[in-house]
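Visitor: Okay, handing you the structure first.
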Amino acid sequence: MTISVTKFVKNCHFGITFQSSGHFDSAINLMTTGNHHIYIYKIRVRLNNLNLCINHIVHLTLPHSLFLQIDTPSTNDFNAILRGLASSYQPAAAISWFHRMLRGSHKIDALTCSFVLKACARILARPQTLQVHSQVVRTGFAADALLGTTLLDVYAKVGDLGSARKLFDEMPVRDIASWNALIAGLAQGNFASEALELFKRMREEGLFRPNEVTVLGALSACSHLGALKEGEKIHQYIRDEKLDMNVIVCNAVIDMYAKCGFVDKAFVVFDSVKCKKSLVSWNTMIMAFAMHGDGSKALELFEQMGQADVKPDKVSYLAALCACNHAGLVDDGMRLFNSMAENGVNPNKKHYGSVVDLLGRAGRIQEAYDIVKSMPMVPDVVLWQTLLGPCHIYGNVEIAEIASRKLVEMGSNNCGDFVLLSNVYATHERWKDVVRVRDIMKNRDVRKVPGFSYVEVDGAINKFFTGDKSHEKWREIYDKLDEIRFKIKEFGYVAGTNYVLHDIGEEEKENALCYHSEKLAVAFGLISTSEGTSIQVFKNLRICGDCHFVIKLISKIYNREIIVRDRVRFHKFDEGSCSCKDYW
DNA sequence: ATAGGGTTAG
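Each residue of the first sequence is one higher than the one before, counting from 858 in our numbering.
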């Protein structure tokens, strides 16, 4: 057997080929002999017509051993090892090599910084990013456009959007990648509306034409916001500019339509993509059906992907399981879960979480707890929360207490956890325990999560926080809420079904109706949209039982279709009923 | 010779 290894330079389709009979290692040795400069960029192995890209293997094993043989390593040699470590699985090692360079007064250049920054991004290390930044300023590389964009990107990835933005504003030279890095960074870092604004500014300034990467960032922002009008415009732009030959862009379009509440449109795009569908395309579409509660279509697609010779991965299974959860397909879900291992996908924590959720919602709480006990990994906060959730609905005090104790031990300061336990006690009229839980909350200074929701009206996105009065129409909105409260009282609704929750947020007591962000958004929708149009609300947290009930009533009284997307799925309220079978 | 921006996830 002959093995040939070709050394490629980035973006080149030709290179130097080294051949050896038998071993891969000897071919590699052949290639590096007499060449202490380790700048192997991309290596392809040709093995009986099979092309394998193995650059990461080389980075992992080769540079380190060879590096140690060099007596006086040059900056290039250091860069080579940093590059290898940063792009493999040893980012921390890359950072420590960088410090070794600084201590040993080795000369660093812009590339050195670029590679360490990549490592910082991988382990989300903000303090280290700051260190490198100051080094960059000290060495005078701050004017380097490429390095500037890398810094910007890393700041965004480690969650420091303020610094990323500042860097962008102060950049002497900006190119399309700088814009893209900030747009994508803002979109991913919970500043989706800022990302869209920047995208609009880029188009207005007209210095750069948005490319594939730009529209990905912008689409991702639309998905987060549920901004359909903006998303449609971007989709049109993509078609005009023929950017839809890129699968990744198509996937983002599918996801955008799905997250904006239009599964049908998502499916049309999925069904008619001109390029070859990727694994992610299938996963995105399955997840879309799952979010919309269409379990059978999701499972059908899951079957089809196997027939299309696309092997399901852990995300595919998660999406399919999620579909079962939202459609109440307990048996299908369990069958799927049990068949994972034999199909080469080992269930991870999220898969276990999904099954616990599935059994819990079906009222099989003991079985769910048995799964938690039997799983090979340590249950995390999310898992205990998943188990605690249904205990309230099915009144299982025993397991609720176990889960809550775990949550308290793990230092959870999430008000929702306490509220759930308190509600379990309340349904059993154990008032002393209710008071006890409330005291714990006070003593622990439990962090209240500020909920927020969006509603898009005429292409403009309106954001509401709980109890928000910053909106220009806030008086009208609160008047509308008063009217709603009056009308639903006539329907026999008593504010405070979820009285324990209201008691905890003191100011919310009587006026619980007014303070929830999604109710503000719905009220604004009633004011601002014409009759007959659907109101779409996007909520950052999970919609609670009380709100669910109230919105159902609003849809009935005002005869309006209201769609609320929370973190998990879509709830379509129409004529007083909701499409979802499950209920929190 | 070598560097920056990208989709799905209870």
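Note that CB positions come from ideal geometry on N, CA and C, so glycine has one too.
Using the three-state DSSP reduction, which class does C1435 fall into: helix, strand or coil?
Guide: Your numbering for residue 1435 matches position 578 in the first sequence. Reduced to three states, the DSSP call for C1435 is strand.
Visitor: Please report the straight-line C-alpha distance between A1380 and T1390, rounded to a whole angstrom.
Guide: Indexing the first sequence from 1 puts residue 1380 at position 523. Indexing the first sequence from 1 puts residue 1390 at position 533. The straight-line gap from Cα to Cα measures roughly 14 angstroms.
Visitor: Throw me the rounded Cβ distance for the A951 and L1004 pair, which I believe falls under 8 angstroms.
Guide: Numbered from 1 along the first sequence, position 94 holds the residue referred to as residue 951. Numbered from 1 along the first sequence, position 147 holds the residue referred to as residue 1004. Rounded, the Cβ-Cβ distance is 16 angstroms, inconsistent with contact.
Visitor: Could you give the residue range of the beta strand (DSSP E) that holds K1320?
Guide: By 1-based counting over the first sequence, the position of residue 1320 is 463. Element bounds for K1320: A1317 to F1322.
Visitor: Applying the criterion that 16 or more other CB atoms from any shown protein chain within 10 Å of the CB defines a buried residue, is V802 buried or exposed?
Guide: Summary: the structure shown does not reach residue 802, with the chain confined to residues 858 through 1441, and so no result is reported for it.
Visitor: Whole-angstrom Cβ separation of A1013 and A1002, contact assumed at under 8 angstroms?
Guide: In the first sequence, the residue the question calls residue 1013 occupies position 156. In the first sequence, the residue the question calls residue 1002 occupies position 145. Actually they are not in contact, since the Cβ atoms of A1013 and A1002 sit about 17 angstroms apart, beyond 8 angstroms.
Visitor: Does the distance from the CB of F1309 to the CB of F1322 come in under 7 angstroms?
Guide: In the first sequence, the residue the question calls residue 1309 occupies position 452. In the first sequence, the residue the question calls residue 1322 occupies position 465. A contact, by the Cβ cut-off of 7 angstroms.
Visitor: Examine the Cβ distances between the region 1131 to 1151 and the region 1114 to 1121 and report whether three or more of them are shorter than 8 angstroms.
Guide: With the cut-off at 8 angstroms, the region 1131 to 1151 and the region 1114 to 1121 touch.
Visitor: Assuming Y1311 contacts L1053 (C-beta within less than 8 angstroms), just tell me the rounded distance between them.
Guide: Taking the first residue of the first sequence as 1, we reach residue 1311 at position 454. Taking the first residue of the first sequence as 1, we reach residue 1053 at position 196. The Cβ separation is near 12 angstroms, so there is no contact.
Visitor: Report yes or no: do three or more beta-carbon pairs, one from the region 1214 to 1226 and one from the region 1180 to 1195, lie closer than 8 angstroms?
Guide: Touching, per the Cβ criterion.
Visitor: Give the secondary structure of D1426 by DSSP, where H, G and I count as helix, E and B as strand, and everything else as coil.
Guide: Within the first sequence, residue 1426 is the residue found at index 569, counting from 1. According to the sequence provided, residue 1426 is Arg. The question's Asp does not apply to it. Three-state DSSP puts R1426 in coil, outside helix and strand.
Visitor: I'd like to know whether the C-beta atoms of T1006 and A1034 end up nearer to each other than 7 angstroms.
Guide: For this step, residue 1006 is matched to residue 149 along the first sequence. For this step, residue 1034 is matched to residue 177 along the first sequence. Cβ distance < 7 angstroms, so T1006 and A1034 count as in contact.
Visitor: Compare the C-alpha of A1075 against each of A1225, L1100, A1049 and W1241 and name the closest.
Guide: The residue you call residue 1075 lines up with position 218 of the first sequence. Residue A1049 is the option with its Cα nearest to A1075.
Visitor: So the beta strand (DSSP E) F1381 belongs to, where does it begin and stop?
Guide: Position 524 of the first sequence, counted from the first residue, corresponds to residue 1381. F1381 -> not in any beta strand (DSSP E); alpha helix (DSSP H) instead, spanning S1374 to S1385.
Visitor: Apart from the five residues on each side of it in sequence, which residues of its chain come closer than 7 angstroms, Cβ to Cβ, to F1065?
Guide: Here residue 1065 refers to the residue found at position 208 when the first sequence is read from its first residue. Hits under 7 angstroms: I1033, W1036 and M1059.
Visitor: Could you check whether H1149 and F1427 sit closer than 7 angstroms to each other, using their CB atoms as the reference points?
Guide: Working through the first sequence from its first residue, we reach residue 1427 at position 570. Working through the first sequence from its first residue, we reach residue 1149 at position 292. Yes, the Cβ-Cβ distance between F1427 and H1149 is below 7 angstroms.
Visitor: State the Cα-Cα distance for the pair V1110 and I1259, rounded to the nearest angstrom.
Guide: Residue numbering aside, residue 1110 sits at position 253 when the first sequence is read from its first letter. Residue numbering aside, residue 1259 sits at position 402 when the first sequence is read from its first letter. So the alpha carbons of these two residues sit roughly 43 angstroms apart.
Visitor: Looking only at its own chain, which residues have a Cβ that is under 6 angstroms from the Cβ of K1116, when we skip the five neighbours before and after it?
Guide: Counted from its first residue, the first sequence places residue 1116 at position 259. Excluding residues within five positions, the ones whose Cβ falls inside 6 angstroms are S1080.
Visitor: Closer than 8 angstroms by C-beta to I1228: which residues in its own chain qualify, once you throw out the five before and the five after it? Chain order, please.
Guide: Along the first sequence, read from residue 1 onward, the residue named residue 1228 stands at position 371. Y1209, V1212, V1213 and L1216.
Visitor: I need the DSSP call for S1310, collapsed to helix, strand or coil.
Guide: For the purposes of this step, residue 1310 is taken as residue 453 along the first sequence, with counting starting at 1. Residue state, collapsed to three classes: strand.
Visitor: Within 10 angstroms of the Cβ of R1422, are there 16 or more other Cβ atoms? Answer buried if so, exposed if not.
Guide: The sequence position of residue 1422 within the first sequence is 565, counting from 1. Looking at its Cβ environment, which holds 16 or more other Cβ atoms inside 10 Å, R1422 is buried.
Visitor: For the beta strand (DSSP E) holding I1228, just list the boundary residues, first then last.
Guide: Taking the first sequence and counting its residues from 1, one reaches residue 1228 at position 371. Here I1228 belongs to no beta strand (DSSP E); instead the alpha helix (DSSP H) covers I1222 to S1231.
Visitor: Span of the beta strand (DSSP E) holding V1394?
Guide: Position 537 of the first sequence holds residue 1394. Start and end: I1392 to K1396.
Visitor: Consult DSSP for V1421 and reduce its assignment to one of helix, strand or coil.
Guide: The sequence position of residue 1421 within the first sequence is 564, counting from 1. If DSSP states are grouped into helix, strand and coil, V1421 belongs with the strands.
Visitor: For the region 1161 to 1235, list the alpha helix (DSSP H) runs that are entirely contained and at least 4 residues long, ordered along the chain.
Guide: Correct list: 1171 to 1184, 1187 to 1196, 1206 to 1218 and 1222 to 1231.
Visitor: State the CB to CB distance for the pair I1384 and I1334, rounded to an integer number of angstroms; the pair is presumed to be in contact (CB under 8 angstroms).
Guide: Residue numbering aside, residue 1384 sits at position 527 when the first sequence is read from its first letter. Residue numbering aside, residue 1334 sits at position 477 when the first sequence is read from its first letter. At roughly 7 angstroms, the Cβ-Cβ gap stays under 8 angstroms, so I1384 and I1334 are in contact.
Visitor: Under 7 angstroms, do A1084 and E1313 count as touching if we go by C-beta distance?
Guide: Working through the first sequence from its first residue, we reach residue 1084 at position 227. Working through the first sequence from its first residue, we reach residue 1313 at position 456. Yes, Cβ-Cβ distance for A1084 and E1313 is below 7 angstroms.
Visitor: When the Cα atoms are used, what is the spatial distance from C869 to I1318?
Guide: Translated into the one-based positions of the first sequence, residue 869 becomes position 12. Translated into the one-based positions of the first sequence, residue 1318 becomes position 461. Only weak support is given to the placement of C869: the predicted model assigns it a pLDDT of 33, under 50, and the value that follows is read from those uncertain coordinates. If you take the alpha carbons of C869 and I1318, they lie about 45 angstroms apart.
Visitor: Please report the Cβ distance between I1222 and Y1251, rounded to the nearest whole angstrom; I am assuming they are in contact, meaning their Cβ atoms lie under 8 angstroms.
Guide: What you label residue 1222 is simply residue 365 of the first sequence in a count that begins at 1. What you label residue 1251 is simply residue 394 of the first sequence in a count that begins at 1. Rounded, the Cβ-Cβ distance is 6 angstroms, consistent with contact.
Visitor: Under 8 angstroms, with one C-beta from each stretch per pair, do the region 1091 to 1106 and the region 1400 to 1420 reach the 3-pair mark?
Guide: Flag = no, the region 1091 to 1106 and the region 1400 to 1420 do not touch.
Visitor: Straight-line CA distance for V1394 to E1199?
Guide: Taking the first residue of the first sequence as position 1, residue 1394 is located at position 537. Taking the first residue of the first sequence as position 1, residue 1199 is located at position 342. The straight-line gap from Cα to Cα measures roughly 41 angstroms.
Visitor: Compute the Euclidean distance between the alpha carbons of M1028 and I1040, then round it to the nearest angstrom.
Guide: Here residue 1028 corresponds to residue number 171 of the first sequence, with the count starting at 1. Here residue 1040 corresponds to residue number 183 of the first sequence, with the count starting at 1. So the alpha carbons of these two residues sit roughly 15 angstroms apart.
Visitor: For M958, count neighbouring C-beta atoms within 10 Å of its own C-beta (all shown protein chains included) and say buried if the count is 16 or more, exposed if not.
Guide: Residue mapping note: residue 958 aligns to position 101 of the first sequence, counting from 1. Per the 10 Å Cβ criterion, buried.
Visitor: On the DSSP letters alone, give me the boundaries of the alpha helix (DSSP H) that L803 sits inside.
Guide: Nothing can be reported for residue 803, as the shown portion of the chain is limited to 858 through 1441.
Visitor: Rounded to whole angstroms, what is the Cα-Cα separation between W1139 and Q926?
Guide: The residue you call residue 1139 lines up with position 282 of the first sequence. The residue you call residue 926 lines up with position 69 of the first sequence. Their Cα atoms are separated by approximately 48 angstroms.
Visitor: Assuming T929 contacts I965 (C-beta within less than 8 angstroms), just tell me the rounded distance between them.
Guide: Translated into positions along the first sequence, residue 929 becomes position 72. Translated into positions along the first sequence, residue 965 becomes position 108. Not quite, the Cβ-Cβ distance comes to about 16 angstroms (not below 8 angstroms), so this is no contact.
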